[in-house]
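2 protein chains.
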Amino acid sequence: MRRTVHPIETESYRIMRSRADFDRFAPLTRAVVERVVHTTADPSWTGEVVADEDALRQGRDALLSGAPLITDVRMVASGITAREVTIGLDFPGVAELAASEGLTRSAAGMRLAAREHPRGAVWAVGNAPTALTELLRLAETGELEPALIIGVPVGFVGAVDSKAALRRSGLPAVSTLTERGGAAIAAAAVNALLYWAEPGGNR
Amino acid sequence: MRRTVHPIETESYRIMRSRADFDRFAPLTRAVVERVVHTTADPSWTGEVVADEDALRQGRDALLSGAPLITDVRMVASGITAREVTIGLDFPGVAELAASEGLTRSAAGMRLAAREHPRGAVWAVGNAPTALTELLRLAETGELEPALIIGVPVGFVGAVDSKAALRRSGLPAVSTLTERGGAAIAAAAVNALLYWAEPGGNR
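Protein sequence lines, in the order shown, are assigned to chains W and V. Heads up: the first sequence begins at 134 in the working numbering, then just goes up one per residue. Heads up: the second sequence begins at 134 in the working numbering, then just goes up one per residue.
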């Protein structure tokens, strides 16, 4: 994807690279980590993001070939302007399914979205640990085969455990190590994959 | 505003309060700082937020009496579900004004929004330093009299300076001290004001 990079963004990347070392990362991993740090203006995120280069490539290929991109909440989708996004919470019947099955609405949204897109989608969870846990359950039962799960829910309750479970699952994944995460992080990871240009990184 | 607090949020606040001390803050300031930490799951934000209690009260009163709430970008608006939000970038003519005046589109959006809402609005800038700088210019020339400016743009370029200028301006304000900020922070500050309940804080 070609895009025009604003001079402010170019200057931001220059300053960022003077503050933290990104050379240790493989190309797509670097693109994701850099965009997260650019988005947060916080170099401490360089030690926080866990990603597998092959998984990222698979996710990027899926995104570029038009695979569905599904987020848990609207705020993640709002940060992605370069392509269409499906929001789990927007599926009809979310509230009813949540009530009848004792799920959070975010988890119910993921279940409904997975019924419609069981294979090859890219999933980006930026808010609810319960949404990520539901994706892992669906993958475990064979109802879901994702191209990539960007699992960066945030919070003091359940977020760390859900992201550790994602890493243990062996699914193609991006995650963060601590309680930190969020919609901006999820959107940054997606955008990094969308914007990346061979071979010189995402500039 | 009465709202139902999910058990996960209650547990999150309990954990958060065991990790950082919020007792030093005045009530509305505390509500803002707590919601920022809850949103980010990062207690280091307790030392980052600068707010004036009287300014927050004025902003809250404005929000509750139906004053316009204007954000720079859609991602801030997406984090606010409890009331209507106007987005600067959505004003017709933003691209043309930006091109003709040499402004960023975010700054052009603020200028157009200020023409429509010159007095008594609450402004929340979560992305672009240039949007905040434009608000300060408009206030300086007397074209803008805000009830509250939540100025938390993020980034390595201009964000720190624009927030320092906001604090120097004497305008009713919330800001952050470092390069950190963002849409989630802006939305959290607005939500803290909307959700706060006298007299026991925002629970």
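All C-beta atoms in this analysis are idealised placements derived from N, C-alpha and C, irrespective of residue type, glycine included.
- Item | Three-state secondary structure (DSSP) of Leu236(W) | On the first sequence, position 103 is the one that residue 236(W) refers to. Residue state, collapsed to three classes: coil.
In three-state DSSP terms, what is Gly226(V)?
-> Translated into the one-based positions of the second sequence, residue 226(V) becomes position 93. Gly226(V): coil per DSSP, three-state reduction.
Quiz item: Is there at least one Cβ from chain V nearer than 8 Å to Phe289(W)'s Cβ?
Solution: As a position in the first sequence, residue 289(W) is number 156, starting the count at 1. Chain V contact via Cβ: present.
TODO: Closer than 7 Å, Cβ to Cβ, to anything on chain W: give me those residues from the segment 191-225 of chain V, in chain order.
DONE: Arg207, Met208, Ser211, Gly212
Hey, how far is the Cα of Val287(W) from the Cα of Gln191(V)? Locating residue 287(W) in the first sequence gives position 154, counting from the first residue. Locating residue 191(V) in the second sequence gives position 58, counting from the first residue. Between Val287(W) and Gln191(V), the C-alpha separation is close to 31 Å.
inquiry  = Just to confirm, is the Cβ distance from Ala254(W) to Leu304(W) under 8 Å?
reply    = Sequence index remark: in the first sequence, residue 254(W) carries index 121 (1-based). Sequence index remark: in the first sequence, residue 304(W) carries index 171 (1-based). Against a cut-off of 8 Å, the Cβ pair of Leu304(W) and Ala254(W) comes out as no contact.
- Item | Contact set between the segment 302-318 of chain W and chain V, restricted to residues whose Cβ is under 7 Å from the partner | Glu312, Arg313, Gly315, Ala316, Ala317
**Prompt:** Any contact of the segment 135-143 of chain V with the segment 294-314 of chain V, i.e. 3+ C-beta pairs under 8 Å?
**Reply:** no
Quiz item: Of all Cβ atoms in chain V, is any one closer than 8 Å to the Cβ of Leu153(W)?
Solution: By one-based count along the first sequence, residue 153(W) stands at place 20. Before going on, a small fix: residue 153(W) reads as Ala here, not Leu. Answer no: the Cβ-Cβ gap between Ala153(W) and chain V never drops below 8 Å.
ask   = Distance, Cα to Cα, Pro160(V) vs Glu186(V)?
value = Counting from 1 along the second sequence, the entry for residue 160(V) is found at position 27. Counting from 1 along the second sequence, the entry for residue 186(V) is found at position 53. About 8 Å.
- Query: By DSSP, does Glu278(W) sit in helix, in strand, or in coil?
  - Reply: As a first step, residue 278(W) must be located in the first sequence, where it is residue number 145. It is a strand residue.
Tell me which residues share the same chain as Ala330(V) and place their Cβ nearer than 6 Å to its Cβ, disregarding the 5 neighbours each side in the sequence. Taking the second sequence and counting its residues from 1, one reaches residue 330(V) at position 197. Here the set comprises nothing.
* Which residues in the same chain have their Cβ closer than 6 Å to the Cβ of Arg207(V), if we skip the five residues on either side of it in sequence? -> Mapped onto the second sequence, residue 207(V) falls at position 74. The residues are Ile220.
Starting from Met149(W), find everything on chain V with Cβ-Cβ shorter than 8 Å and list it in chain order.
Here residue 149(W) is taken as the residue at index 16 of the first sequence, counted from 1. In chain order: Phe289.
Given Glu181(W) as reference, the closest of Thr179(V), Asp175(V), Val182(V) once Cα atoms are compared | Counting from 1 along the first sequence, the entry for residue 181(W) is found at position 48. The residue with the shortest Cα to Cα distance from Glu181(W) is Asp175(V).
Span of the beta strand (DSSP E) around Ala257(V): Position 124 of the second sequence, counted from the first residue, corresponds to residue 257(V). That run of the beta strand (DSSP E) goes 255-258.
Q. Which bits of chain W does Ala247(V) rub up against, with CB to CB less than 9 Å?
A. Locating residue 247(V) in the second sequence gives position 114, counting from the first residue. By Cβ distance, chain W contributes nothing, its closest Cβ being about 22 Å from Ala247(V), past 9 Å.
Report task. Mind listing the chain W neighbours of Ile283(V)? Cutoff is C-beta to C-beta under 8 Å, in chain order. Result -> In the second sequence, counting from the first residue as 1, residue 283(V) sits at position 150. The contacting residues do not exist; Ile283(V) stays about 16 Å from chain W at best.
To the nearest angstrom, how far is it from the Cα of Glu312(W) to the Cα of Val227(V)?
Taking the first residue of the first sequence as position 1, residue 312(W) is located at position 179. Taking the first residue of the second sequence as position 1, residue 227(V) is located at position 94. Taking the straight line joining both Cα atoms gives about 38 Å.
*7 Å Cβ shell around Gly334(W) - same chain, five flanking residues per side excluded*: Reading the first sequence from its first residue, position 201 is the one you call residue 334(W). Because Gly334(W) sits at a pLDDT of 43, beneath the cut-off of 50, its placement in the model cannot be relied upon, and the point is left open.
Does Thr237(V) pass the burial test, meaning 16 or more other C-beta atoms within 10 Å, or should it be called exposed?
The residue you call residue 237(V) lines up with position 104 of the second sequence. Buried, since its Cβ has 16 or more Cβ neighbours within 10 Å.
Can you find a C-beta in chain V that's less than 8 Å from the C-beta of Ser239(W)?
The sequence position of residue 239(W) within the first sequence is 106, counting from 1. No, Ser239(W) does not count as interfacial toward chain V.
To the nearest angstrom, how far is the alpha carbon of Leu196(V) from that of Leu197(W)? Indexing the second sequence from 1 puts residue 196(V) at position 63. Indexing the first sequence from 1 puts residue 197(W) at position 64. Cα to Cα, the separation comes out at about 42 Å.
> Comparing the C-beta of Ser145(W) with each C-beta of chain B, is any distance below 8 Å?
Replying inline: The displayed structure is made up of protein chains W and V, and chain B is not among them.
Euclidean distance between Cα positions of Thr266(W) and Thr266(V): Locating residue 266(W) in the first sequence gives position 133, where the first residue counts as 1. Locating residue 266(V) in the second sequence gives position 133, where the first residue counts as 1. C-alpha separation (whole angstroms): 42 Å.
- Message: Buried or exposed, going by whether 16 or more other CB atoms sit within 10 Å of the CB of Glu167(V)?
- Response: Position 34 of the second sequence holds residue 167(V). Answer is buried; the Cβ neighbour count reaches 16.
| task | Give, in chain order, every residue of the segment 173-184 of chain V whose Cβ lies closer than 8 Å to some Cβ of chain W. | result | Thr173, Ala174, Asp175
Taking 8 Å as the CB-CB cut-off, is Ala292(V) touching chain W?
In the second sequence, counting from the first residue as 1, residue 292(V) sits at position 159. Yes, Ala292(V) lies at the interface with chain W (some Cβ there is under 8 Å from its Cβ).
State the DSSP-derived secondary structure class of Gly180(V), mapped to helix, strand or coil. Residue mapping note: residue 180(V) aligns to position 47 of the second sequence, counting from 1. Helix, per DSSP.
Worksheet entry | Inter-residue Cα distance where the pair is Arg336(V) and Val290(W) | Your numbering for residue 336(V) matches position 203 in the second sequence. Your numbering for residue 290(W) matches position 157 in the first sequence. Unreliable positioning characterises Arg336(V) in this predicted model, as indicated by a pLDDT of 42, which lies under 50. A coordinate reading is not provided.
**Item:** Through-space distance from Ile283(V) to Gly275(V), alpha-carbon basis
**Value:** Numbered from its first residue, the second sequence carries residue 275(V) at position 142. Numbered from its first residue, the second sequence carries residue 283(V) at position 150. Cα to Cα, Gly275(V) sits roughly 19 Å from Ile283(V).
How long is the line joining the alpha carbons of Arg193(V) and Pro201(W), rounded to whole angstroms? Mapped onto the second sequence, residue 193(V) falls at position 60. Mapped onto the first sequence, residue 201(W) falls at position 68. Each residue's alpha carbon lies about 40 Å from the other.
CA-to-CA distance, Ala306(V) to Ala188(V), given in whole angstroms: Start at 1 with the first residue of the second sequence, and residue 188(V) comes out as number 55. Start at 1 with the first residue of the second sequence, and residue 306(V) comes out as number 173. Straight-line Cα distance between these residues: approximately 6 Å.
Exercise. Looking at the structure shown, is Ala298(V) part of a helix, part of a strand, or coil, going by DSSP?
Worked result: In the second sequence, counting from the first residue as 1, residue 298(V) sits at position 165. In the structure shown, Ala298(V) sits in a helix (DSSP, three-state: H, G or I).
How about Gly242(W) and Leu268(W): do their beta carbons lie closer than 8 Å?
Locating residue 242(W) in the first sequence gives position 109, counting from the first residue. Locating residue 268(W) in the first sequence gives position 135, counting from the first residue. Result no, Cβ atoms of Gly242(W) and Leu268(W) do not sit closer than 8 Å.
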